[in-house]
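Numbering (the UniProt record's numbering), first residue to last: 1 to 182.
All C-beta atoms, glycine included, are put in the ideal place defined by N, C-alpha and C.
Small disclaimer: the values here were computed from a predicted structure and weren't measured.
First up is the structure itself, then whatever we jot down about it.
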């Protein structure tokens with residue numbers, strides 16, 4: 001409490017002194033930064049995949065091409081949640097749908113920030129898909145004759161793991177273009 005005012009009322013009163021478009025841009029900037037936090041997942045996942053790929057090549061150097069192919073394909077899939085987050089950040093940067101609206105500045109501002117927050121969900125898929133890629137590379141190093149079956153199982157598992165990232169993207173897009181709060 002600040003005097004007789006709670007923190008929410010204080011923030012609203014404080015932000016009311018600024019131009020509404022500037023408030024929306026400020027919250028959009030926060031959303032952009034938060035969206036990019038999702039890059040942590042793909043970074044961890046791809047690092048794991050690369051590490052397991054290197055380990056597998058060290059154990060079975062004659063099959064390095066097969067191992068590297070599995071590792072790179074798996075790491076590329078692990079990047080999708082980071083790409084989704086980048087798309088949301090770029091929309092907020094260059095085609096921000098909130099700025100041209102005449103709706104409530106508070107709903108628009110919160111929605112802009114929530115669009116970015118939603119994308120943090122991409123940490124899980126990026127990490128999980130990278131783990132699958134690493135284990136796929138490791139498995140090909142051990143059993144190269146099973147490369148096709150390993151690749152199939154790895155990609156299927158990665159596709160299922162991506163669902164959370166897709167949900168986050170859908171929520172962010174709904175907030176930006178079909179906001180039920182407006």
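Check whether the stretch 132–143 and the stretch 64–80 touch, using three or more Cβ-Cβ pairs below 8 Å as the test. yes
Would residue 112 pass as a contact of residue 24 if the rule is Cβ separation under 9 Å? Residue numbering aside, residue 112 sits at position 112 when the chain shown is read from its first letter. Residue numbering aside, residue 24 sits at position 24 when the chain shown is read from its first letter. Yes, the pair counts as a contact, with Cβ atoms nearer than the cut-off.
Can you list, in chain order, the stretches of the beta strand (DSSP E) that have 3 or more residues and sit fully within the stretch 23–92? none
Of all the options 9, 172 and 20, which has the alpha carbon lying nearest to the alpha carbon of residue 31? Sequence index remark: in the chain shown, residue 31 carries index 31 (1-based). Checking every option, the nearest Cα to that of residue 31 belongs to 172.
Short check: CB of residue 49 to CB of residue 121, under 9 Å? For the purposes of this step, residue 49 is taken as the residue at position 49 of the chain shown. For the purposes of this step, residue 121 is taken as the residue at position 121 of the chain shown. Against a cut-off of 9 Å, the Cβ pair of residue 121 and residue 49 comes out as no contact.
At the level of alpha carbons, what is the spacing between residue 59 and residue 119? Translated into the one-based positions of the chain shown, residue 59 becomes position 59. Translated into the one-based positions of the chain shown, residue 119 becomes position 119. One C-alpha to the other measures close to 38 Å.
Local Cβ density within 10 Å of residue 116, reported as buried at 16 or more and exposed below that: For the purposes of this step, residue 116 is taken as the residue at position 116 of the chain shown. The residue in question, residue 116, is buried, as its Cβ has 16 or more Cβ neighbours within 10 Å.
Tell me whether residue 16 sits in a helix, a strand or coil according to DSSP, three-state version. Within the chain shown, residue 16 is the residue found at index 16, counting from 1. If DSSP states are grouped into helix, strand and coil, residue 16 belongs with coil.
Buried/exposed call for residue 163, threshold 16 Cβ in 10 Å: Sequence index remark: in the chain shown, residue 163 carries index 163 (1-based). Within a 10 Å sphere around the beta-carbon of residue 163 sit fewer than 16 other beta-carbons, which makes this residue exposed.
When you compare each of 123, 46, 149 and 13 to residue 34 by their alpha carbons, which one comes out closest? Locating residue 34 in the chain shown gives position 34, counting from the first residue. Nearest to residue 34 by C-alpha distance, out of 123, 46, 149 and 13, is 123.
Candidates 161, 106, 169 and 54, of which the one nearest residue 78 by Cα: As a working note, residue 78 is residue 78 in the chain shown. Checked all of 161, 106, 169 and 54; the closest Cα to residue 78 is 161.
Any idea if residue 137 is buried or exposed, counting beta-carbon neighbours within 10 angstroms, 16 or more meaning buried? Your numbering for residue 137 matches position 137 in the chain shown. Buried.
DSSP three-state call for residue 125: helix, strand or coil? Residue mapping note: residue 125 aligns to position 125 of the chain shown, counting from 1. Helix, per DSSP.
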